[in-house]
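K.L.:
Just passing along the structure, written as structure tokens.
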Amino acid sequence: ESCEHGCENAACIDLCATDPCHGHGSCNASTGACTCDDPEMTADCSACKTGYTGYPDCVLATYTVGGTVSGLIGTGLILRNNGGDEEPISADGPFTFNAELSYDSSYSVTVYQQPSSPAQTCTVSNGRGTISGANINTVSVTCRDVSVNRSCDGMSPVCNDNGTPVSCCDARLVTGGTFP
């Protein structure tokens, strides 16, 4: 027995009558399954698959990685993402790497070059993760001054106060202390 509308399922129900493909694909009358116009659409052609955007013309979604720098007073700080995308930083505030990453990509932000003039040490927190469908803006870079006791310039970092190691500056104040 043949069904109307060309369907061939046992109940002779037109599974395509309600447009289960949302106008963006063809429907198999026997199964109701869609063959979407774009292979990156969901099975019912109603949206892009995870990691894609731009419905109905789905393209791979890309996301940025960035965050905030604080405490920077030196010059020459360079951050690096995934061992290659470098971002020079000249002041406190937000930053964003130029290269965008696709859904489910990993990121790893590191300090490639520490600042100088004056010397500082910067550390990264929240610098590793996986892109899960949104821009990353939670990387935190904190910079601190490198402690240098200018009055000890040119002296060894540790002097000997009759067998007890002390800083050179402290040793200058100790009577009987020896200097290297």
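Quick note, the numbering used here runs 1202 ahead of the 1-based positions in the sequence shown. We put the beta carbon where it would ideally sit given N, CA and C, even for glycine. Quantities reported herein were computed from a predicted structural model and do not represent experimental measurements.
1) If you follow the beta strand (DSSP E) that S1228 is in, where does it begin and where does it stop?
2) Indicate the three-state DSSP secondary structure (helix, strand or coil) for L1217 in the structure shown.
3) Look up G1269 in the DSSP assignment and say whether it is helix, strand or coil.
4) Check whether the Cβ atoms of L1303 and V1343 sit closer than 8 Å, and answer yes or no.
5) Helix, strand or coil: which one does DSSP assign to F1381?
6) Mind checking whether D1216 and A1231 have CB atoms under 8 Å apart?
7) Please classify I1291 as buried or exposed, where buried requires at least 16 other C-beta atoms within 10 Å of its C-beta.
8) Measure the beta-carbon distance from I1333 to Y1305 and round it to whole angstroms, keeping in mind my assumption that it falls under 8 Å.
9) What is the rounded straight-line gap between the Cα of P1222 and the Cα of P1296?
10) Quick one: residues in its chain with C-beta nearer than 6 Å to the C-beta of A1301, no 5 flanking neighbours on either side, listed in chain order?
P.N.:
By the coordinates alone:
1) By one-based count along the sequence shown, residue 1228 stands at place 26. Boundaries of the beta strand (DSSP E) harbouring S1228: 1227 to 1229, taken from the DSSP string.
2) Here residue 1217 is taken as the residue at index 15 of the sequence shown, counted from 1. In this structure, L1217 counts as coil in the three-state DSSP scheme.
3) Here residue 1269 refers to the residue found at position 67 of the sequence shown. In the structure shown, G1269 falls within a strand segment according to DSSP collapsed to helix, strand and coil.
4) The residue you call residue 1303 lines up with position 101 of the sequence shown. The residue you call residue 1343 lines up with position 141 of the sequence shown. Taking 8 Å as the cut-off, the Cβ atoms of L1303 and V1343 do not count as close.
5) For the purposes of this step, residue 1381 is taken as the residue at position 179 of the sequence shown. Note that F1381 has pLDDT 42, beneath the 50 cutoff, so the model's placement of it is unreliable and the number below is only indicative. If DSSP states are grouped into helix, strand and coil, F1381 belongs with coil.
6) In the sequence shown, residue 1216 corresponds to position 14, counting from 1. In the sequence shown, residue 1231 corresponds to position 29, counting from 1. At a Cβ-Cβ threshold of 8 Å, D1216 and A1231 count as neighbours.
7) As a first step, residue 1291 is located in the sequence shown; it is residue number 89 there, counting from the start. Flag for I1291 reads buried.
8) Position 131 of the sequence shown, counted from the start, is the residue given in the question as residue 1333. Position 103 of the sequence shown, counted from the start, is the residue given in the question as residue 1305. That pair is a contact at about 6 Å.
9) Translated into positions along the sequence shown, residue 1222 becomes position 20. Translated into positions along the sequence shown, residue 1296 becomes position 94. C-alpha of P1222 to C-alpha of P1296: approximately 45 Å in a straight line.
10) Walking along the sequence shown from the start, residue 1301 turns up at place 99. Around A1301, the same chain offers D1287 as residues with beta carbons nearer than 6 Å, after the five sequence neighbours per side are excluded.
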